[in-house]
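Asker: Protein chains in written order, with numbering that gives the first Met the number 0: chain R, 0 to 407; chain Y, 0 to 407. Just so you know, even glycine gets a beta-carbon here, dropped at the ideal spot from N, CA and C.
Protein chains: 2
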Amino acid sequence: MTFRVGLLGHGTVGSAFHDLLEARAPAIEAAVGQRPEISGVLTRSRGDFDDIVERSDLVVELIGGLDPARDYILRAMAAGKHVVTANKAVLSQHGEEIYDAARRAGVQLRFEAAVGGVVPVIRVIHETLAAAHIDRVHGIVNGTTNFILSEMTRTGASYEEALREAQALGYAEADPTEDVSGRDAAAKMAIIARLAFDLPVHLESVPYQGIEDLTSDDIAYAKELGLSLKLVGSAERLDGGISVRVYPAFLYGAHPLASVNGSFNAVTIESPAITEITLSGPGAGGAQTASAVLGDVISAMIPPPTLPAPALDQPLITDVESAFYLHLEVADRPGVLAQIAEILGLQEVSVKSVVQKGLGEDARLEMVLHPVLESKFKAAVDLIARLDFLRSPPRWIHVIEETFEESP
Amino acid sequence: MTFRVGLLGHGTVGSAFHDLLEARAPAIEAAVGQRPEISGVLTRSRGDFDDIVERSDLVVELIGGLDPARDYILRAMAAGKHVVTANKAVLSQHGEEIYDAARRAGVQLRFEAAVGGVVPVIRVIHETLAAAHIDRVHGIVNGTTNFILSEMTRTGASYEEALREAQALGYAEADPTEDVSGRDAAAKMAIIARLAFDLPVHLESVPYQGIEDLTSDDIAYAKELGLSLKLVGSAERLDGGISVRVYPAFLYGAHPLASVNGSFNAVTIESPAITEITLSGPGAGGAQTASAVLGDVISAMIPPPTLPAPALDQPLITDVESAFYLHLEVADRPGVLAQIAEILGLQEVSVKSVVQKGLGEDARLEMVLHPVLESKFKAAVDLIARLDFLRSPPRWIHVIEETFEESP
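1. Tell whether a beta-carbon distance below 8 Å holds between L327 of chain Y and I339 of chain Y.
2. Measuring CB to CB, does F388 of chain Y end up less than 8 Å from V335 of chain Y?
3. DSSP puts V118 of chain Y in a beta bridge; with which residues?
4. Helix, strand or coil: how does DSSP classify Q355 of chain R here?
5. Is P393 of chain R close to chain Y? Criterion is C-beta to C-beta, closer than 8 Å.
6. Could you pull the DSSP bridge partners for I383 of chain Y from this structure?
7. Can you tell me the Cβ-Cβ gap for E36 of chain Y and V4 of chain Y, rounded? I've got them flagged as a contact below 8 Å.
8. Taking 8 Å as the CB-CB limit, is L315 of chain Y close to chain R?
9. Under 8 Å between C-beta atoms, does V398 of chain Y make it to chain R?
10. Could you tell me which residues DSSP pairs with L389 of chain R in its beta bridges?
11. Cβ of V380 of chain R less than 8 Å from any chain Y Cβ?
12. Are the C-beta atoms of Q107 of chain Y and some chain R residue less than 8 Å apart?
13. Could you please tell me which residues of the segment 45-57 of chain R, in chain order, have their CB closer than 7 Å to any CB of chain Y?
14. Does the Cβ of D174 of chain Y have 16 or more other Cβ atoms within 10 Å, making it buried, or fewer, making it exposed?
15. Please report the straight-line C-alpha distance between I310 of chain R and P199 of chain Y, rounded to a whole angstrom.
16. Using 8 Å as the limit for Cβ to Cβ distance, is Y220 of chain Y near chain C?
17. Does the beta carbon of Q33 of chain R come closer than 8 Å to any beta carbon on chain Y?
18. From R394 of chain R to I218 of chain Y, what distance separates their C-alpha atoms?
19. Please classify T1 of chain Y as buried or exposed, where buried requires at least 16 neighbouring CB atoms within 10 angstroms.
20. If you measure beta-carbon to beta-carbon, which residues of the segment 127-145 of chain R are closer than 8 Å to chain Y?
21. For the structure I just gave you, are there three or more beta carbon pairs, one from the segment 259-270 of chain Y and one from the segment 140-147 of chain Y, closer than 8 Å?
22. Looking at C-alpha atoms only, which residue of R:E347, R:D361, R:E360 and R:V380 is the closest neighbour of V371 of chain R?
23. Using beta carbons (cut-off 8 Å, strictly below), is P410 of chain Y in contact with chain R?
24. How many Å lie between G8 of chain Y and G116 of chain R at the Cα?
25. Residue range of the alpha helix (DSSP H) that I297 of chain R falls in?
26. Hey, does H17 of chain Y have any beta-carbon neighbour from chain R nearer than 8 Å?
27. Considering only their Cβ atoms, is the gap separating V179 of chain R from V205 of chain R smaller than 8 Å?
28. Taking the Cβ atom as the reference point for each residue, do I273 of chain R and A379 of chain R lie within a distance shorter than 8 Å?
29. Which bits of chain Y does G294 of chain R rub up against, with CB to CB less than 8 Å?
30. Against L198 of chain Y, what residues of chain R qualify as contacts under a CB-to-CB distance less than 7 Å, listed in chain order?
31. In chain order, what residues of the same chain have a beta carbon less than 6 Å from the beta carbon of A286 of chain R, not counting five sequence neighbours either side?
32. Runs of 4 residues minimum, wholly inside the segment 201-236 of chain Y: which ones carry the alpha helix (DSSP H) assignment?
33. Evaluate A289 of chain R with the Cβ neighbour count: other Cβ atoms within 10 Å of its Cβ, from every protein chain shown; 16 or more gives buried, anything less gives exposed.
34. Going along chain R in order, which residues have a C-beta closer than 7 Å to the C-beta of T1 of chain Y?
35. Please compile the residues from chain Y whose C-beta is within a distance smaller than 9 Å of the C-beta of L237 of chain R.
36. Excluding the 5 residues flanking P407 of chain Y on each side, which residues of the same chain have their C-beta closer than 8 Å to its C-beta?
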């Protein structure tokens, strides 16, 4: 059985989504029993909207902007089709019209990809926190500005220098106004506030302040006091109503958003029942947004599963490569390090760094070893443990390196 | 219309869930059209299992342990009832039997509360990442051990001292073996691996190593090199199979789990399509677990919504209290600070801290102000801007304090 997906827009995100859907179609069919298939693509130069809608079960809108996206979304829903969109502009400016139309048509409207990059903030508010009374949402919801502020902090660069760096790396557009003014973040906070507080919020009613006027002095002040300077979106329940705003702010070190660096996005949701949840991940690139869109498509195809998939036949591996820290207390005499190095070498364990510290007649060796199979490392440690110059049993601990570089 | 919930177990989590369900029932009814209601409670001394099941649409199992929880879960499902459980022991040791029984009975089985405290890792793997090929999951999934390691790092305490502190604060049990040995984390990683990799993993096949043998020396080494020492659970796809393990590890500073402190839990999921997502929040206390259980109950009542709820009538507030940083460049002469303080005082702005730095004939004032209505603060700044001894326009930035203390 096929599930027909009409695709509106074929730019960076649209073509990434097209490729991802085709690559994952067999796995999706195995998991949910239907095979998703692109039934038509609309771009400025090809495709007919009405024809594509007619041949689709669901329409994915990745054109962006207000027109003709708004019209297409409304017409697709009126024709009884589910809609998935990543369009923050249209939802923050015509949200109520679109939500009402979806309700009237009885179709699903999913828009995880419109907010927060890969961070599943919509789903967590809608589902995980369905039972909770949300007090406040704080978000770093614009990767461009977080990258610029992180660079200013890391390198001491001025705002202008960091902006040029972001542009050179593709994190900022040639005209960065939408991002650096805070307007992009304001649109996302308007959508989040609508869900968290059941309050219609139009983009134009969200006060926003950007990062254009921040200086190296501000960053220096933050460093001095252990604070982080971030562009923060906030939506919160106050006595008498709801407040939604975007502004640069100093965060104290223990705030969960304070350590979110580079082009990452993160959202902290506070509620008395759960205290808080923080979600973080890379800001939206084409591939990430495409993945969020496909997640929404799959959820629309069938209700999300509550059970694990049937088991696959694959082995559980118990001997695994890892880097290690090795701590040895030895007698401080010639030849000790050489013997240890020889044993490690015989087991193919190679040394990344070693520090030797004198302790009177003894010495302490603190080594970090490159990744090696755990069995080989332990064999080496067993041999080392038998050396007569060892003052106490060897101690060792795994070492995990960051797997993803947040900034170049 | 009522939705009848049978409750098995009435300990810390059970009674917190009972209270939360009753408190939130009206809001849930307004949102989903059915009112959840406790149809019966089973404890050691009261209630009849068969009778409660018969009068329920869904059964919540919060007894814990293997027996009689396993038997109750299987019997409730055989009777055609949905089941929500927080029981990591039974799922990590009898998971396949229970998943098969749910599949055969055609009922929902939900268990978000069994893993990771308030962190919605099950839902994110099942739904957000339905389209993704997961490569690796790293988790800090035991709040007790993370608290102990954080205390050792923060205060230089020994393992034994930090454990006693954790026990005094209720973060560790009188017999802490299950937590400090890594076995609790191993059970959670077994459940996560089952979902992420479609591989049945029994608790007994997960190698685990705890934190009992870690010393202040290890912590000192980590501090020296800017590393964090954490009890890490890992589940990853390797050439030829899957590996699932729990072990103490040094994390490099940029790893997303390195800054997770206190009794918090966090999980990082890596996949080529999304790079990575990190979810973090408080480890399970009674209230948090109850909230996760109620979220599961609501999801079982109706498919999760895809649209915002109908709008509520409430005002959008634009004048909000905030703390501020204020930066002034002034002529360095007597009476300057007094005049500024007077203007701030007239607008009810009170000063939390002030640093004055000489710059030849000028001085720089860096002040942090206590929370005050933004309108009053801006009125004060406008007045200050007109003072003749000001050398450049005043600069100000919002300040956000952490709202939740991770450790006492």
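Answerer: So, from the data block:
1. yes
2. yes
3. DSSP, once it has assigned bridges, lists no residue as partnering V118 of chain Y.
4. strand
5. no
6. DSSP, once it has assigned bridges, lists no residue as partnering I383 of chain Y.
7. 7 Å
8. yes
9. yes
10. R:V329
11. no
12. yes
13. none
14. exposed
15. The amino acid at residue 310 of chain R is misidentified as Ile; the sequence shows Ala. Near 6 Å, if we compare the C-alpha coordinates of P199 of chain Y and A310 of chain R.
16. Protein chains R and Y are contained in the structure displayed, whereas chain C is not.
17. no
18. 13 Å
19. exposed
20. T127, L128, A129, A130, A131, H132, R135 and H137
21. yes
22. R:E347
23. Summary: the structure shown does not reach residue 410 of chain Y, with chain Y confined to residues 0 through 407, and so no result is reported for it.
24. 40 Å
25. G285 to M300
26. no
27. no
28. no
29. E126, T127, L128, A129, A130 and A131
30. A310, L311, Q313 and L315
31. A15
32. 215-224
33. buried
34. Near T1 of chain Y there are no residues of chain R at all, since even the closest Cβ is about 17 Å away, more than 7 Å.
35. I316, V319 and E320
36. Here P407 of chain Y scores only 37 on pLDDT, less than 50, and its place in the model is too uncertain to base an answer on.
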